[in-house]
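Data block below; observations after.
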Amino acid sequence: MRVLSSELKEHIGKEAMIQGWLHKKRLLGGLNFLTIRDRRGLVQVLVENKDEIEKLRGLQIGTVLEITGNVIEEERAPGGAEIHEPALSVMVPVTDEPAIEIDKPISHKSEHLDTLFEHRVLNIRNIQEQKIFRIRASLTRYIREYLNQNEFIEIDTPKLLAEATEGGAEVFTLDYFGKTATLAQSPQFYKQIMVGAFERVYEIGHSYRAEPSATTRHLTELTMLDIEMGFVIDHDEVLDMVGNMTKHVLKAVYDEHSADLKSLNAPELKLEEAVVPRFTIAEIHEMYTKATKTDTTSEKDLTPDEERWISDYARKQLGTDLVYAVKFPAEAGKFYHKFDDEGTVLWGDLLFRGLEIATVPLRENNYQKMIDQMKSAGLDTEHEGFRAYLSAFKYGLPIHGGCGFGIDRLVQKTVGLANVKEATLFPRDINRLAP
RNA sequence: GGGCUCGUGGUGUAGAGGCCUAACAUGCCUCCCUGUCACGGAGGAGAUCGCCGGUUCGAAUCCGGUCGGGCCCGCCA
Numbered sequence: 009m010r011v012l013s014s015e016l017k018e019h020i021g022k023e024a025m026i027q028g029w030l031h032k033k034r035l036l037g038g039l040n041f042l043t044i045r046d047r048r049g050l051v052q053v054l055v056e057n058k059d060e061i062e063k064l065r066g067l068q069i070g071t072v073l074e075i076t077g078n079v080i081e082e083e084r085a086p087g088g089a090e091i092h093e094p095a096l097s098v099m100v101p102v103t104d105e106p107a108i109e110i111d112k113p114i115s116h117k118s119e120h121l122d123t124l125f126e127h128r129v130l131n132i133r134n135i136q137e138q139k140i141f142r143i144r145a146s147l148t149r150y151i152r153e154y155l156n157q158n159e160f161i162e163i164d165t166p167k168l169l170a171e172a173t174e175g176g177a178e179v180f181t182l183d184y185f186g187k188t189a190t191l192a193q194s195p196q197f198y199k200q201i202m203v204g205a206f207e208r209v210y211e212i213g214h215s216y217r218a219e220p221s222a223t224t225r226h227l228t229e230l231t232m233l234d235i236e237m238g239f240v241i242d243h244d245e246v247l248d249m250v251g252n253m254t255k256h257v258l259k260a261v262y263d264e265h266s267a268d269l270k271s272l273n274a275p276e277l278k279l280e281e282a283v284v285p286r287f288t289i290a291e292i293h294e295m296y297t298k299a300t301k302t303d304t305t306s307e308k309d310l311t312p313d314e315e316r317w318i319s320d321y322a323r324k325q326l327g328t329d330l331v332y333a334v335k336f337p338a339e340a341g342k343f344y345h346k347f348d349d350e351g352t353v354l355w356g357d358l359l360f361r362g363l364e365i366a367t368v369p370l371r372e373n374n375y376q377k378m379i380d381q382m383k384s385a386g387l388d389t390e391h392e393g394f395r396a397y398l399s400a401f402k403y404g405l406p407i408h409g410g411c412g413f414g415i416d417r418l419v420q421k422t423v424g425l426a427n428v429k430e431a432t433l434f435p436r437d438i439n440r441l442a443p
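Quick note on the working numbering: the first sequence kicks off at 9 and runs consecutively.
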């Protein structure tokens, strides 16, 4: 029976068999220490028999080993226990020298990110690096738990589409048996259609944007959480749902991964306000202009510096890492958004530690108003690409709203990473398609 | 798409016209070492300085182009 690293202490005084990767060698001559890595962590093995250590001659870090020996309580060993008098068996020999050193901290400096992604296969074996992606897995797990508990149905919608009808972002095109297909920039139409069946739906999937953006917050292939809920009372209900979910998920992850987050130098979580506070775009422009003497009052959207400024303000003045920017000017809206009487879009941007992580709008649900808004946006309502979408409205959609939520950005800001790509295993950007 | 920057052994850096036949750290190889945990010590291999062209008696170093990286802005998740 294989014993995992975290279970070693339970086997003190007995013989145990472990399997894992050779992580580190410290050869002192008559006294040799091996560190073995498995999915739970590390085990130290003390090798005094020269014949056993000779089995590793010519083999590199990463060699897969099976080791059987006596488990000894030893306070000098990391973890308080180690294996003595081991018998080594090489399961998979590795003779190629790893290109990077995995037992040491992997550099996340911006100028080293290319090396990081080029050698991802190896650096993901670094314990510290793995923590980012264990935290990422927990974030999406808690999101699913929260939404499932609130009667949301998880759906999967196609990413191969006939053509781009949603508008907005640039899309990728590809050959599809002689026809031209596009990659979905979001599940927007499909999730709204599904409100007509399930009321509450969500999807965690990939979206593709052909925007030539070269920034620390853009990917061409991103992971989005799309939520849509019907029969809402007003925009505030949607803002509250998304805000409360985010708070719940962050608290749960900070609770479960407190040690990991600390070791990654993640910021302390601040969520003192009962609900996520809201400021209108106009208010933020005014506050920012007053505070920085940089006039932004004629901007329609927030500038990246305003996003950072209002987040900083919310953290310091209100004790919260989450803040909403609401009531966007009408020209910022799309044809499927709902507009209020004051001529603003019922749309909220959820900001987390200086970065927009979600857009949270209310949708127009009236069939005739949709037709009108599409026409005034210059769209052809008879277009084949709108038929299924519009028929969902024709056959009855309740008032609904939801969000497009950037999972990669959530992970980035939770951990405190400078670049969204660091929160992604194999990031796709304007220049990178491999590995 | 616009602007600004950076490319030197596997990895991270130093060198900024001749001292470079390119230095240091780490990794790798050989040897020594009985409590290491960034182990320590001795020795060794490993880079024509991204690529192409130019200036110069002489270029890693200056200039032009090109390719690749990074950051900011626009746009957005």
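The beta-carbon is built from N, C-alpha and C at its ideal position, and this holds for glycine as well.
Does the distance from the CB of residue i to the CB of residue j come in under 9 Å?
| i | j | result |
| --- | --- | --- |
| Phe41 | Gln52 | yes |
| His370 | Lys346 | The sequence given here has Leu at residue 370, not His. Yes, these two residues count as a Cβ contact at 9 Å. |
| Leu277 | His293 | no |
| Tyr344 | His256 | no |
| Thr123 | Gln68 | no |
| Arg217 | Glu178 | yes |
| His92 | Glu126 | no |
| Arg48 | Glu83 | no |
| Thr148 | Ile212 | yes |
Figure out for me which residue from the options has the closest Cα to the Cα of residue i.
| i | options | result |
| --- | --- | --- |
| Glu30 | Ser14, Asp59 and Pro101 | Looking at the sequence shown, residue 30 is not Glu but Leu. Out of Ser14, Asp59 and Pro101, Pro101 has the C-alpha closest to the C-alpha of Leu30. |
| Ile445 | Lys335, Leu359, Ala282 and Gly341 | A query on residue 445 cannot be resolved here, the shown segment of the chain reaching from 9 to 443 and no further. |
| Glu74 | Asn57, Ile44 and Lys421 | Ile44 |
| Asp164 | Ile201, Phe180 and Gly186 | Ile201 |
| Thr224 | Glu280, Arg133, Ala426 and Gly21 | Ala426 |
| Leu363 | Trp355, Glu315 and Gln381 | Glu315 |
| Glu60 | Arg48, Ile235 and Gly38 | Gly38 |
| Met249 | Tyr154, Asp263 and Phe185 | Tyr154 |
| Lys112 | Asn134, His127, Glu93 and Ser221 | Asn134 |
| Asp46 | Leu35, Gln196 and Leu12 | Leu12 |
| Asn373 | Tyr403, Thr76, Glu307 and Gly414 | Tyr403 |
| Lys33 | His408, Leu64 and Asn439 | Leu64 |
| Gln136 | Ala282, Val368 and Asp268 | Asp268 |
Going along the chain, which residues of its own chain have a beta-carbon closer than 6 Å to the beta-carbon of residue i, five neighbours each way excluded?
| i | result |
| --- | --- |
| Thr432 | Asp416 |
| Met232 | Ser215 and Gly412 |
| Gln420 | Val428 and Ala431 |
| Arg208 | Glu159, Phe160 and Met237 |
| Ile20 | Val79, Glu81 and Ala89 |
| Tyr375 | Phe401 and Lys402 |
Quick check on residue i: buried or exposed, where buried means 16 or more other Cβ atoms within 10 Å of its Cβ?
| i | result |
| --- | --- |
| Met378 | buried |
| Pro406 | exposed |
| Arg395 | exposed |
| Pro166 | exposed |
| Met99 | exposed |
| Asp313 | exposed |
| Met9 | exposed |
| Thr305 | exposed |
| Pro195 | buried |
| Lys22 | exposed |
Per DSSP, which residues does residue i bridge with? Please list them.
| i | result |
| --- | --- |
| Thr190 | Leu169 and Thr181 |
| Val357 | It should be noted that the sequence gives Asp, not Val, for residue 357. Ala333 and Thr367, per the DSSP bridge assignment. |
| Leu36 | Answer is none; Leu36 lacks a bridge partner. |
| Met25 | Arg10 and Thr76 |
| Ala95 | Thr76 |
| Val51 | Ile44 |
| Thr328 | Leu279 |
| Phe413 | Leu233 and Ala366 |
| Leu30 | Ile44 |
| Gly213 | Met232 |
| His265 | The partner list for His265 (beta bridge, DSSP) is empty, contrary to what the question assumes. |
Which residues in the same chain as residue i place their Cβ atom closer than 8 Å to its Cβ, once the five residues preceding and following it in sequence are excluded?
| i | result |
| --- | --- |
| His265 | Lys139, Arg142, Ile143 and Ser146 |
| Val274 | The amino acid occupying residue 274 in the given sequence is Ala; Val does not appear at that position. Around Ala274: Thr422, Val423 and Gly424. |
| Glu219 | Ala177, Glu178, His226 and Thr228 |
With a threshold of 7 Å on Cβ separation, who are the neighbours of residue i within its own chain once the five nearest residues in sequence on each side are excluded?
| i | result |
| --- | --- |
| Arg436 | Leu227, Thr228 and Glu229 |
| Ala400 | Gln200, Ile201 and Gly204 |
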